[in-house]
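**Q**
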Amino acid sequence: MAKETTIRDLLIHSLTEYPDKTASGYVDGAEWSYAQIGVVIGEVFRQFTEEGISAGDRVAILSENQPAWSAVYLAVSSYGAIVVPILPDFSGEDVASILAHSEARLVYASAKQAEKLAVQSEAGAHIPEIRALDNLLDAALATAPEDAAATVVARIQEVAAPAPDDTAAIIYTSGTTGHSKGVELSHWNLASNVESANVFAHMKPGERMLSILPLAHTYECTLGMLIPFSRGAQVSYLARPASPSYLMKSLATVRPHLMLAVPLLIEKIVRGKVIPQLSTGVVSKLKQLPLLDRLIYRKAGAKLVRAFGGRLRFFGIGGAPLSADVESVLYRMNFPYAIGYGLTETAPLLAGTSPDANHLRSTGMPTPGVEIRIQEGEIQAKGPNIMKGYYRDPERTAEVFTEDGWFRTGDLGELDEAGRLFVKGRSKTVLLGSSGENIYPEAIESIINQFTGVEESLVTQEGSRLVARVKL
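All the letters of the sequence shown, read from the start, carry residue numbers 718 to 1189 under this note's numbering.
(1) Decide if Q837 is buried, meaning its Cβ has at least 16 other Cβ atoms within 10 Å, or exposed.
(2) Put Q783 into one of helix, strand or coil per three-state DSSP.
(3) Do you know offhand how far Q994's Cα is from E984's?
(4) Is there contact between the region 959 to 975 and the region 911 to 927, where contact requires at least three CB pairs shorter than 8 Å?
(5) Counting Cβ pairs closer than 8 Å, one from the region 784 to 791 and one from the region 803 to 822, do we hit at least three?
(6) With distances taken Cα to Cα, identify the nearest neighbour of P1101 among G1086, M965, E1112 and A840.
(7) Taking the beta strand (DSSP E) that F1139 falls in, what are its first and last residues?
(8) Could you check the C-alpha separation between V987 and R957 for me, to the nearest Å?
(9) Got a sec? Which residues, its chain only, sit under 7 Å from G809 by beta carbon, not counting five neighbours each side?
(10) With respect to the alpha helix (DSSP H) encompassing S962, which residues constitute its N-terminal and C-terminal limits?
(11) Take H730 as the anchor and find which of V824, L943, S771 and F1168 has the nearest alpha-carbon.
(12) Take the Cβ of V999 as the centre, count every other Cβ of all protein chains shown within 10 Å, and call the residue buried at 16 or more, exposed below.
(13) Work out the CA separation of L1148 and I929 for me, nearest whole Å.
(14) Of the residues L1008, S891, S1174 and L1129, which one's Cα is nearest the Cα of S1040?
(15) From the DSSP output, in three-state form, read off S953 for me.
(16) Just list the residues that DSSP pairs F1031 with in beta bridges.
(17) Are the beta-carbon atoms belonging to F1032 and P1072 less than 9 Å from one another?
(18) Is it the case that the region 865 to 877 contacts the region 1046 to 1062, given that we only count it when at least three CB pairs across the two stretches are under 8 Å?
(19) How would you label E1093, buried or exposed, when you count the other beta carbons within 10 angstroms and need 16 or more for buried?
(20) Under a three-way DSSP split, which group does Q1097 fall into?
(21) On the DSSP bridge assignment, give the partners of I803 in chain order.
(22) Helix, strand or coil: how does DSSP classify G1057 here?
(23) State buried or exposed for L1077, treating a residue as buried only when at least 16 other CB atoms are found within 10 Å of its CB.
(24) Locate the alpha helix (DSSP H) running through M926, then write down its first and last residues.
(25) At the level of alpha carbons, what is the spacing between E701 and A859?
(26) Exposed or buried, what is A747 when buried is set at 16 or more other beta-carbons lying within 10 Å of its beta-carbon?
(27) Between the region 811 to 827 and the region 775 to 786, are three or more C-beta pairs nearer than 8 Å?
(28) By DSSP, does F1118 sit in helix, in strand, or in coil?
(29) I'd like the list of long-range same chain contacts for R1137, defined as Cβ closer than 7 Å, with 5 residues on each side in sequence excluded.
(30) Given a cut-off of 9 Å on the beta-carbon distance, is the pair T1061 and H904 in contact?
(31) Please name the residue, chosen from D855, S819 and G755, that lies closest to P845 on a Cα-to-Cα basis.
(32) Cβ atoms of A885 and L1066: under 9 Å apart, would you say?
(33) Enumerate, from N- to C-terminal direction, the unbroken beta strand (DSSP E) stretches of 3 or more residues contained entirely within the region 797 to 872.
(34) Taking only runs that begin and end inside the region 1036 to 1091, name each unbroken alpha helix (DSSP H) of 4 or more residues, in chain order.
(35) Report the three-state DSSP secondary structure of K1188 (helix, strand or coil).
(36) So A885 is in the alpha helix (DSSP H); what residue range does that whole segment cover?
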């Protein structure tokens, strides 16, 4: 990918190459093509021009996942303004703090989130102009000129293009009132990660994804929205919260080729369904026969793939460490999982793997163009995806970069001879044993979490003792 690539370059490429393909929609509802999404983006461009929105202005998005979310994100960043995605589960006070810190000119909000903003406005907080997000796509398409689809690329190109090093997004990793920390990601940070991360997924035009993670997280935004949009793939969104029954129905409807998830989802499935079936009755006895053991696990893996719709070839896992016991089962089942590692500050992927190249307990190889080194146990990185800094916070920015320009992740890890990365835990959580040894609480927690009846655990140190708080 050339250094001059921006989000707008990705947008124009997709609108030109895949106009008739379905870009996004609801699992059991309306769908929109790339050309239609382009028309909406062109209409947003027109509105911005009429209302005096300028390059560099901040425009926030506060909503649950929906197709209009991605359309606004692409429109804002491609226009040269800066998109500020906000997690919908942040409190009203936190949202108001982020809007104030980012100095947002507009906020696109769902009806549910608009109520939250109204409460803050009544309490005296300064809330920028609110735009309705829920009906944006249909409203924009209804008012667009008849020839809009044919001229949308030209309309987009009429506006001055952002530069690769211009800020595309500011993402707040926490909403704690008064302590907001906004990660500034440039167009090149994001576009380079789109290209390098797809080396592991190999997404193709026409393939389908089911989105279940918040788009305001860089993990879902880059890997689950920008990559599929840049490749002519289709993303389906849930129309309501993901109850187990609705999720299973959605999987059967979409039959995704790719999905992204946090470990908790697959851990619950494996521990709640797969392991009990492999550990009881005749199956547990047959597993003792070496020739049958592999066959049983492979059949269990095929059954799990069918539960995900039958076409799943890439199940990305990130955001937290995957428990060793669950990974062992997935590995033996030949389930198409792939673990990735990264941070919001790295747009996000630093290292990853493909289902056919898994190595137990490793997060895989550095993404193309990224360098990783271990300094005093800490994972440090360099690459085109490393953030510009924390918005309006030069002191915090300076703290996370070494004197020679490497980004300090705050995570501890190791590299093996093949260059694969193994993440050990956070440097801030490592405990010092009585004999001076380093103790990684995450490793102990992963063992505790294997016990039946344990949902999660937290290992801490009290004096010379290790103490585990356990949620049953």
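From the three backbone atoms N, C-alpha and C, an ideal C-beta is built for every residue, glycine too. None of the values given here were measured: they were computed from a predicted structure.
**A** By the coordinates alone:
(1) buried
(2) coil
(3) 15 Å
(4) yes
(5) no
(6) G1086
(7) L1138 to R1143
(8) 24 Å
(9) K833, V836 and Q837
(10) P961 to V971
(11) L943
(12) exposed
(13) 34 Å
(14) S1174
(15) strand
(16) L975
(17) yes
(18) no
(19) exposed
(20) strand
(21) L779
(22) strand
(23) exposed
(24) Counting along the chain, M926 falls outside any alpha helix (DSSP H), though it belongs to the beta strand (DSSP E) covering R925 to S928.
(25) The structure shown has nothing for residue 701, since the chain only spans 718 to 1189.
(26) exposed
(27) yes
(28) strand
(29) H1076, S1079, G1081 and M1082
(30) no
(31) S819
(32) no
(33) 799 to 803, 823 to 826 and 846 to 849
(34) 1041 to 1050
(35) strand
(36) Run containing A885: none in the alpha helix (DSSP H); it sits in the beta strand (DSSP E), T884 to Y889.
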